[in-house]
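A quick write-up on the structure given underneath.
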Amino acid sequence: MPDLPTPQDAAEAALFSECWDAVLSYADLCTSGSLAANQLATEAFTLGMREARESDFAPVRSSGRRAARLPMIPLLLTAVRNTAAGWESGGLGHKLDPDLRLWLNSEKAARYTGPPLQRPVALRGLRDMQEADASLLWLAEVEALPLPSVARRLGLDQTVVAQELEQVRGLFRDRCHRAHLDTPMAAECRSYARLLDAVTRSSAADTPEDLSRHLATCVQCAEAAACLRLHGGGLPAALAGGVIGWGGLAYLERRRRAAEVRLGAGRPATADHDGGDPKESAGRGKVLRHGLLGAAVLISLVALGVSMMPMGGGAGDDTATASHDDRQPVADPTADVPSADPTATHTASVSAAPSTSATAGKPGHRNPDPEPQGTSSATASTGHHGTASARPTTPAAAGCRVSYDLVNQWTDGFQSTVTVTTTQALTGWRVQWSFRDGQKVTQMWDATVSQDGGRVTADAADYNQTVAANGTLSFGFLGTWSGSNSAPYAFTLNGSTCSLN
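Under our numbering, the sequence shown is numbered contiguously, ending at residue 574.
Given below as structure tokens:
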């Protein structure tokens with residue numbers, strides 16, 4: 074396994090500290106164990122940095138611009154995907170996530186290495202932007218950093234960064250629209266191109282029924298629609314899925330959790346903070362002072378470890394998060410993962426922390442498409458590939474509150490997050506609810522799902538059964554709908570009725 078490249082100067086050392094945890098987070102999604110994750114991350118980081126350095130010395134084109142290049146973090150994530158593909162073809166596929174292996178051998182993966190005009194619209198649109206603009210868009214939308222942190226990282230004026238981001242979003246839309254028109258497409262797709270552009274420009278515009286049917290069956294046009302529709306909150310998912318490919322949505326959820334942990338989201342001590350990122354600044358200053366890549370790597374690994382722990386930590390979390398060596402997402406498989414701050418409180422809109430292996434070993438349960446899955450830090454009661462679902466061992470308190478958040482919705486599908494706050498400590502939980510309109514849950518992360526008609530049951534995963542008193546539990550899922558997609562009702566926690574926020 075190659076060593077990480079040596080930073081050439083203090084600026085590059087700071088860049089390493091900013092990018093390593095993102096690379097390791099995606100590598101952990103792509104592999105079957107922490108040792109393999111670190112090996113994949115190291116090889117990909119070395120490959121990506123070499124590519125970035127070579128492009129910096131590439132001759133300037135006659136237009137005055139350098140050859141198109143992705144911003145640093147998506148460039149390194151692409152290197153992870155390419156390195157994983159090399160493992161698969163080189164006999165090391167057994168170290169990769171099984172679903173990723175299926176994807177790498179499918180037509181979906183071939184799109185990322187095939188003819189340029191056939192590649193995903195988001196990838197082409199981001200690559201066609203100036204690197205500074207593309208970096209602003211990626212850090213704000215996918216890495217989920219607050220704008221003051223993004224401004225400091227990119228050297229922008231904090232007073233105008235919001236305006237610049239709005240302009241960059243519009244620029245990305247224009248690039249994607251042009252890329253979509255340049256794509257070789259069937260006559261039917263071409264006939265809908267102008268209508269698709271008009272419908273996605275306004276949040277008030279209704280999608281005609283014939284266009285809606287077309288988007289339900291045409292992958293290319295559906296991808297373009299997601300990139301062109303800047304309203305509705307779907308841009309981060311369109312970026313992550315289109316640029317990264319497999320695991321894009323799971324990576325997006327992880328980065329949101331990591332940002333919350335780094336910034337101390339919801340903690341009383343930082344409730345009045347102005348949105349800055351003191352931990353990030355301190356970590357960067359340490360690298361600049363000492364030039365030690367090892368320190369930067371350690372900081373990022375700790376942030377990653379915390380980000381993949383269950384929310385609402387408390388005194389009981391130490392035993393609930395004890396993990397097997399083969400899935401602890403840190404460089405040293407014998408290292409302890411730090412406990413979550415027992416004083417932390419979390420908002421109802423907090424995102425679930427997805428990873429890759431909670432349902433491994435359940436044939437037919439997981440989807441090879443890039444969707445979130447649960448982290449596999451198994452307890453002693455259930456093995457790493459165990460199929461037994463968690464069963465509640467502690468009744469719910471008399472008071473529990475549920476927040477149901479519809480994250481995104483498209484023609485026939487949707488993504489939602491459920492967050493439950495309980496006044497009583499739990500060592501196991503089961504959340505149930507009912508759908509009114511025949512919705513079906515197709516995939517769930519941070520819980521195991523079963524459904525009987527409209528009644529859905531979500532049982533705790535083996536790694537997040539413990540919830541502290543006055544703590545929260547959360548999980549997310551994908552589902553299908555037809556006709557109407559009203560919010561569910563009759564939520565219960567371990568059989569006790571919960572109130573809706």
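Yeah, the Cβ is synthetic: ideal placement off N, Cα and C, and Gly gets one too.
query	result
Which residue comes first and which comes last in the beta strand (DSSP E) that contains phenylalanine 487?	486 to 495
Buried or exposed for tyrosine 99, please, with buried defined as at least 16 other CB atoms from any protein chain shown within 10 angstroms of its CB.	buried
Look at the Cβ atom of glycine 501, then the Cβ atom of glutamine 538, and state whether they are nearer than 8 Å.	yes
Where does the unbroken beta strand (DSSP E) through glycine 315 begin, and where does it stop?	No beta strand (DSSP E) contains glycine 315, which is instead part of the alpha helix (DSSP H) from 308 to 317.
Does alanine 520 come out as helix, strand or coil in the three-state DSSP assignment?	strand
On a CA-only basis, which of Leu301, Arg327, Phe89 and Arg286 is nearest histidine 198? Give me that one, please.	First, the amino acid is wrong: residue 198 is glycine here, not histidine. Per the Cα distances, Leu301.
Taking buried to mean at least 16 other C-beta atoms within 10 Å of its own C-beta, is proline 561 buried or exposed?	buried
Using 8 Å for Cβ pairs, my map puts aspartate 510 next to serine 557. What's the rounded Cβ distance?	4 Å
Starting from alanine 266, follow the alpha helix (DSSP H) in both directions and report where the run begins and ends.	260 to 274
Thinking C-beta only, is threonine 156 closer than 8 Å to alanine 125?	no
Which same chain residues end up closer than 7 Å to valine 234 when comparing Cβ atoms and leaving out the 5 residues on each side of it in sequence?	Leu220, Val223 and Ala224
Are the CB atoms of valine 292 and leucine 196 nearer to each other than 8 Å?	no
Comparing C-alpha positions only, which one of Leu308, Thr119, Ala520 and Asn111 sits nearest to leucine 210?	Leu308
In the DSSP assignment, what residue or residues form a beta bridge with alanine 195?	None; alanine 195 has no bridge partner.
So is leucine 325 in contact with chain B if we call contact Cβ pairs under 8 Å?	In the displayed structure, chain B is absent; only one protein chain is listed.
Looking at the structure shown, is glycine 549 part of a helix, part of a strand, or coil, going by DSSP?	strand
Would you mind reading off the limits of the beta strand (DSSP E) that contains cysteine 473?	473 to 482
Quick one: using the 10 Å Cβ neighbour count with 16 as the cut-off for buried, is glutamate 161 buried or exposed?	buried
Using DSSP bridges, identify the partner residues of valine 529.	Trp506 and Gln524
Within the continuous alpha helix (DSSP H) that includes leucine 254, where are the two ends?	234 to 255
Tell me whether glycine 544 sits in a helix, a strand or coil according to DSSP, three-state version.	strand
In three-state terms, what does DSSP make of valine 514?	strand
To the nearest angstrom, how far is the alpha carbon of aspartate 414 from that of alanine 498?	The predicted model places aspartate 414 with a pLDDT of 39, which falls under 50 and marks its position as unreliable; any figure quoted below should be read in that light. Answer to the nearest angstrom: the Cα atoms are 16 Å apart.
Which one or two residues does DSSP pair with tyrosine 562 in a beta bridge?	Ser507
So, under 8 Å CB-CB, alanine 24 and valine 215 are touching, yes? Tell me the CB distance rounded to an integer number of Å.	This structure gives no information on residue 24, because the portion of the chain shown stretches from 74 to 574.
Relative to the C-alpha of tryptophan 518, which candidate in Asn543, Leu288, Glu326 and Gly526 has its C-alpha closest?	Glu326
With 16 as the cutoff for other CB atoms within 10 Å, does glutamine 191 come out buried or exposed?	exposed
Using 8 Å as the cut-off, can you tell me whether the stretch 477 to 484 makes contact with the stretch 521 to 532, which would need three or more C-beta pairs spanning the two stretches below that distance?	no
Roughly how many angstroms separate the alpha carbons of alanine 109 and threonine 565, rounded to a whole number?	40 Å
Express the C-alpha separation of cysteine 92 and serine 128 in angstroms, rounding to a whole number.	18 Å
Quick check: what's the CA-CA separation for alanine 332 versus leucine 212?	11 Å
Give me the DSSP bridge partner(s) of serine 572.	Arg474
Pull up the CB-CB distance for arginine 174 and glycine 166, whole angstroms please, since I reckon it's below 8 Å.	5 Å
Nearest-angstrom Cα distance between arginine 200 and tryptophan 506?	43 Å
When you compare only the Cα positions, how much space is there between serine 547 and leucine 143?	33 Å
Taking the beta carbon of histidine 250 as the centre, do at least 16 other beta carbons fall within 10 Å, making it buried, or is it exposed?	buried
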